[in-house]
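The sequence shown maps to residues 957 to 1153 in my numbering.
Backbone N, C-alpha and C fix where the C-beta goes; we use that ideal spot for every residue, glycine too.
I have placed the structure first, in the form of structure tokens, so that the comments after it can refer back to it.
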Amino acid sequence: MEDYDIDELIEQLEYDEDREATIAALVEIGEPAVPDLIAALENVIWDVCDGAADALARIGAPAVSALIDTFAHEFRHVALNASDAVARIGEPAVPALVEALNDTYDPVREYAVRALSTIALSTQTVVPALIRALGDDEVDIRTYAAVGLANVGEAASDAVPALIATLTDESDRVREHVAFALSEIGTPEAEKALSEL
């Protein structure tokens, strides 16, 4: 491995001409670059933030814990970039994201369920966690749980009873997404519940 200057590489993310090579170099550095890349998510230059998130996603599992810690960041765009990066890591991030659903801080749970709902597009292993998130106190978390179950589709048939129970949610938005999830799952039980609305 070449001897790279991590700070210099992060600064180079601002420039398009060698952006892909810069990200590749950061990925080659791997875990030692994670703290600096996490800090770069706060950069005021969007290309630097975006490049840092891309590099973290490509580094993969070694970046998951630090990215999830960033869900508690005071600035929403930083936490959102971290959530998107974790979602791109995919299946290796699922256990840590499921654990983050137990966090007492609402934004951490929200970003965890957001990432899980995106990962749900490619795997059904997130279904139990999304079912549990349907019972969260926060509207956004329940909404993203329903979105994730809709993304899983037919393979989320185990979620139908919980989704049906959530059709009486106090939030219109949650109920709307739950109904959509039931239509995407499409089991006879789901269709029956929808026909009775």
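Helix, strand or coil for Thr-1124? Go by DSSP, reduced to three states. coil
Where the alpha helix (DSSP H) containing Thr-978 begins and where it ends: 975–985
Quick one, are the C-beta atoms of Thr-1079 and Glu-1047 less than 9 Å apart? yes
Same chain only: Cβ atoms within 6 Å of Gly-1104, ignoring 5 sequence neighbours per side: Leu-1072, Ser-1073, Ala-1076, Leu-1086
My output table needs one value for Asn-1107: the three-state DSSP class, helix, strand or coil. helix
To the nearest angstrom, how far is it from the Cα of Glu-976 to the Cα of Pro-1018? 20 Å
Return the CA-CA distance between Ala-989 and Gly-1007, expressed in angstroms with no decimal places. 13 Å
Would you kindly report the start and end of the unbroken alpha helix (DSSP H) that includes Asn-1037? 1032–1045
Would you please state the rounded distance, in angstroms, between the beta carbons of Glu-970 and Ile-1001? I believe it to be under 8 Å. 5 Å
Cβ neighbour criterion (16 or more within 10 Å) applied to Asp-1040: buried
For Leu-1090, the three-state DSSP class (helix, strand or coil): coil
Are Ala-1068 and Ser-1021 touching if we call contact CB-CB under 9 Å? no
Where does Ser-1113 sit, in a helix, a strand or coil, going by DSSP? helix
Span of the alpha helix (DSSP H), counted from its first residue to its last, around Gln-926: A query on residue 926 cannot be resolved here, the shown segment of the chain reaching from 957 to 1153 and no further.
Below 8 Å on the Cβ atoms is my contact criterion, and I expect Thr-1128 with Val-1134 to pass it. Report the Cβ-Cβ distance as a whole number of Å. As written in the sequence, residue 1128 is Asp, which differs from the Thr given in the question. With 8 Å as the limit, Asp-1128 and Val-1134 do not qualify as a contact, their Cβ atoms being about 11 Å apart.
Considering just the uninterrupted stretch of the alpha helix (DSSP H) at Ala-1056, what are its terminal residues? 1050–1056
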